[in-house]
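Be aware that the sequence shown starts at 1, since it is given in UniProt numbering, and climbs by one per residue.
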Amino acid sequence: MHILKSSSEKVELHTDESFCLLAYTLTFEGKRRTPSSLSIGEDSITADIGALGAIEDHIRMEGDLLVLHRTWNLRQEGSYRLQAAFSYDDQELENKLFIPALWYQDNSKGKGCFPSAERSANWSFLETRMSIPCCAQLSNGKRLFTCASEPAQEQRFVASVATERHGMIISIPGSEWPYSYQGKQSLVDTSALALPCLAIPSEGMVYTRTFYLSNQKEESSLEAYCLFVEQLNALMPTDKPAGLDWTLWFEYKLTRLINLVQDDGKGLAYLLMGDGNKEVQDVYAFTSASFLVKSLQGAYELASLTNYRAQTKALLKAREKLASKFMLPDDQLLLAETAKRIGDFFLQAERSDGVFQDNYDLVRDIWGGYLGIGEHPEFKSMVNSRCNGEAMKQYVLLALTLRKLGMEEGSYLSLARRVARFYCEAQLSSGSFGRWWTEKGKPGDIQGTNGAYIGSFFCTLIPLLSDEDPLKADLQSAVHQAYSFYSELAYEGAFYGDTLDADSCDKEAGVALLSFFLDLYHLEHDKRLLQSAKLAAQFIVQWIWQCNSFLPEDSMLGQRTFRTRGMTSVSVAHHHLDFYGMAIAYEFLRYAAWTGETLYERQAKLMIQACRQLVATETDQLGRDEDYIGWQPEQLNHTAWEYFNRSHAMQGYYDIDIAWVTVLTLGSYQSILEEFPSMLEE
1 MHILKSSSEK VELHTDESFC LLAYTLTFEG KRRTPSSLSI GEDSITADIG
51 ALGAIEDHIR MEGDLLVLHR TWNLRQEGSY RLQAAFSYDD QELENKLFIP
101 ALWYQDNSKG KGCFPSAERS ANWSFLETRM SIPCCAQLSN GKRLFTCASE
151 PAQEQRFVAS VATERHGMII SIPGSEWPYS YQGKQSLVDT SALALPCLAI
201 PSEGMVYTRT FYLSNQKEES SLEAYCLFVE QLNALMPTDK PAGLDWTLWF
251 EYKLTRLINL VQDDGKGLAY LLMGDGNKEV QDVYAFTSAS FLVKSLQGAY
301 ELASLTNYRA QTKALLKARE KLASKFMLPD DQLLLAETAK RIGDFFLQAE
351 RSDGVFQDNY DLVRDIWGGY LGIGEHPEFK SMVNSRCNGE AMKQYVLLAL
401 TLRKLGMEEG SYLSLARRVA RFYCEAQLSS GSFGRWWTEK GKPGDIQGTN
451 GAYIGSFFCT LIPLLSDEDP LKADLQSAVH QAYSFYSELA YEGAFYGDTL
501 DADSCDKEAG VALLSFFLDL YHLEHDKRLL QSAKLAAQFI VQWIWQCNSF
551 LPEDSMLGQR TFRTRGMTSV SVAHHHLDFY GMAIAYEFLR YAAWTGETLY
601 ERQAKLMIQA CRQLVATETD QLGRDEDYIG WQPEQLNHTA WEYFNRSHAM
651 QGYYDIDIAW VTVLTLGSYQ SILEEFPSML EE
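This is how it looks when you write it as structure tokens:
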């Protein structure tokens, strides 16, 4: 590495070619200050700021990653803002911005008040918004320039990152402008607010921070980011979060699943969407076969675990209550009998042949396509391809499991066949299975990745059909057409519109495509499918937290020494963390097993370890009573954002009991235990 002075306040770093430029400034009492001199050593730069102090950098290369260790030595009392400015020679080409888990393709897709290029050309975001602190990437078609920082350890040093024409500026303390996105319906104008400052006492202050820089030849933006992650993780400490023993984790999760089962009053059962959610509980007064509740997947899990023998008092008590609720014997078929009641309940969701509306409002006694919070209430009376794909796949698995137990239920497979026929006939000429459909099979909305769930459902049903069954050939033709469409979405990076309670770029779009491609590969072993799967997997990596983000010590999460590394965030519209990583881990392990790409195995391990945290136990119910043993919060608000716009519930708050968390994590754990047991070893 060669260091060249390029001006009175800038130096240029060279390898074989220009790597980056560093600019040395700080703000004192509201005024920009520049160095009186720059001193350059073999691997160091010192910027003398006169009476104010000095900035000293030490640099080293770790592979293709430049590690910059900066020390601010501030000597004079007053108010300061610290800056770290990095830029590169972009040859005056137009730059595209990417910020992991926050800014993707200008956030141009969707509906909501989340940040986007349409709202403002320039933004500043706090380091806690993104999966690597202060991480931003600029790409110009020839080079990709990326910066990041280690996380802050104190509130006053939480930084922000903003982009300029040729690079990025990291500021300490951080600020968000021109708006701060603080809830689904809360975009706060901050343009009139004063910028925060560090109050330095008369004895001065020394502060150090490490930054990471990369200048890569043009790869795809996401591929370059994955390489950056791989190199950065090689420098990270190997600490892992404290979590439950897996046996206890499993028992408590199963306990919560059982306690979510409700009696419909007519001898059937369903899962309650969520409970004990205080002022927002009315939002959770419905059930569904899929998506936010996943009743049918829960039923499949109950049936598959019916022979499991409880070890904890909590699980024994939950079984006793369940048996009493339905007047069933507490024997080895209790969970299977309960699963069948859940399956039978959702047979009512079929409006006409193959038209399945699986959301049920418990208060108003109505069925709908999706009855929860969302940006498009006009679709409530339609059917959704994600909901249908999820539900029918689980009906198939439930039917097979009950059959093995001598409880064959042919009506489940018959329903699955009718829904499959509906989508074969509705499939668009492009191969898409669409998003929202009318009861007549007409498309209401064809955007996004929801239809990939139909592809996965077909992949589950096809092996059960005989070659003489005309439906089999139709499904095989349909999945091949679907692959042509959804692989093109992956190639274009069009990961959008998968969750139903938002309308934006989201991680579940990547998961939906990855799962479909891998399910089809499992059937056909066509290597092209793995190439498409890689595009989806690369997209997903940005949503995985690679560092332990700053959390206030006195916050709910801070008091529990919660670790964000390995957690996943949701979408550009929903800035909270969740435990979806358990499901992603299973898909990553499948992909890694078939390709040998170890990055995804390591990422899976991070997510698995993170998901061991924050599960209510017999001795710590996370602020609730023993009826909630096994609950794990859906929303972990690590930054300045909260789903329901509640200002008190930000920056280290956790909340919301919801069925999907229990069902998805338990089911994914079971799949990992069966296929990749070594990943669950201590």
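We put the CB at the ideal spot given by N, CA and C, even for glycine.
Euclidean distance between Cα positions of L314 and E618:
According to the sequence provided, residue 314 is Ala. The question's Leu does not apply to it. About 7 Å.
Below 8 Å on the Cβ atoms is my guess for A101 versus W543; work out the distance and round it to an integer in Å.
5 Å
Going residue by residue through the stretch 293-380, where are the continuous beta strand (DSSP E) segments of at least 3 residues, counting only ones entirely within it?
350-352, 359-361 and 366-368
Which word fits Y521, buried or exposed, when buried means at least 16 other C-beta atoms lie within 10 angstroms of its C-beta?
buried
Is it buried or exposed for M382, if we count other Cβ within 10 angstroms and need 16 for buried?
buried
What residue does the alpha helix (DSSP H) around V541 start on, and which one ends it?
K527 to V541
Which runs of the alpha helix (DSSP H) spanning at least 4 residues fall entirely within the stretch 570-610, listed in chain order?
581-595 and 598-610
Please name the residue or residues paired with H638 in a DSSP beta bridge.
Paired residues: none, contrary to the question.
Between F676 and the rest of its own chain, which residues show a CB-CB distance below 7 Å, the 5 nearest in sequence each way excluded?
Here the set comprises L589.
When you compare the stretch 115-125 with the stretch 139-158, are there three or more beta-carbon pairs, one atom per stretch, that lie closer than 8 Å?
no
Please classify F86: does DSSP put it in a helix, a strand, or coil?
strand
Pick from S504, E350 and K31: whose alpha carbon is nearest that of E439?
Answer by Cα proximity: E350.
Terminal residues of the continuous alpha helix (DSSP H) containing L213?
Per DSSP, L213 belongs to no alpha helix (DSSP H); it is in the beta strand (DSSP E), M205 to K217.
What is the residue span of the beta strand (DSSP E) that G183 lies within?
Y179 to G183
In chain order, what residues of the same chain lie with their CB nearer than 6 Å to the CB of F98, ignoring the 5 residues before and after it?
Q137 and S221
Quickly, what does DSSP pair residue 699 with across the bridge? List them, please.
What is shown of the chain runs 1 to 682, which leaves residue 699 out entirely.
Using a Cβ-Cβ cutoff of less than 6 Å, which residues in the same chain neighbour M392 once the five nearest sequence positions on both sides are dropped?
A416, V419 and F457
Can you pull the DSSP bridge partners for Q262?
DSSP, once it has assigned bridges, lists Y270 as partnering Q262.
Taking only three categories from DSSP, how would you classify G30?
G30 sits in coil when the DSSP states are folded into three classes, being neither helix nor strand.
Cβ separation of T449 and A509, assumed to be a contact under 8 Å, to the nearest whole Å
4 Å
Does P151 come out as helix, strand or coil in the three-state DSSP assignment?
coil
Pick helix, strand or coil for M168, following the three-state DSSP scheme.
strand
Nearest to S504 by alpha carbon, out of G374, A593 and L577?
G374
Identify the continuous beta strand (DSSP E) that holds A509 and give its terminal residues.
Not the beta strand (DSSP E): A509 falls in the alpha helix (DSSP H), residues K507 to E524.
May I have the straight-line CA-CA distance separating T312 from Q670, to the nearest angstrom?
18 Å
Are C134 and C147 touching if we call contact CB-CB under 8 Å?
Pairing C134 with C147 gives a Cβ-Cβ distance under 8 Å.
Among the residues of its own chain, which have a CB less than 8 Å from the CB of E425, if the five just before and after it don't count?
G441
Identify whether Y56 lies in helix, strand or coil by the three-state DSSP scheme.
Looking at the sequence itself, residue 56 is Glu, so the reference to Tyr does not match. If DSSP states are grouped into helix, strand and coil, E56 belongs with the strands.
Find the nearest neighbour of L244 within the set G667, Y643, S352 and D620, judged by alpha-carbon distance.
The option with the nearest alpha carbon to L244 is D620.
Own chain, CB closer than 7 Å to V188, minus 5 neighbours either side, in chain order:
Y179, S180 and Q182
Cβ of D89 within 8 Å of any chain B Cβ
Here chain B cannot be found, since the structure has a single protein chain.
Between the Cα of H638 and the Cα atoms of Y24, S131 and A482, which residue gives the shortest distance?
Per the C-alpha coordinates, the member of Y24, S131 and A482 positioned closest to H638 is S131.
Assign A199 to buried or exposed, taking buried as 16 or more other Cβ atoms, counted over all protein chains shown, within 10 Å of its Cβ.
Exposed: under 16 other Cβ atoms inside 10 Å.
What is the rounded straight-line gap between the Cα of Q216 and the Cα of G298?
45 Å
For T619, does the three-state DSSP call read helix, strand or coil?
coil
Classify G630 as buried or exposed, calling it buried when 16 or more other Cβ atoms lie within 10 Å of its own Cβ.
buried
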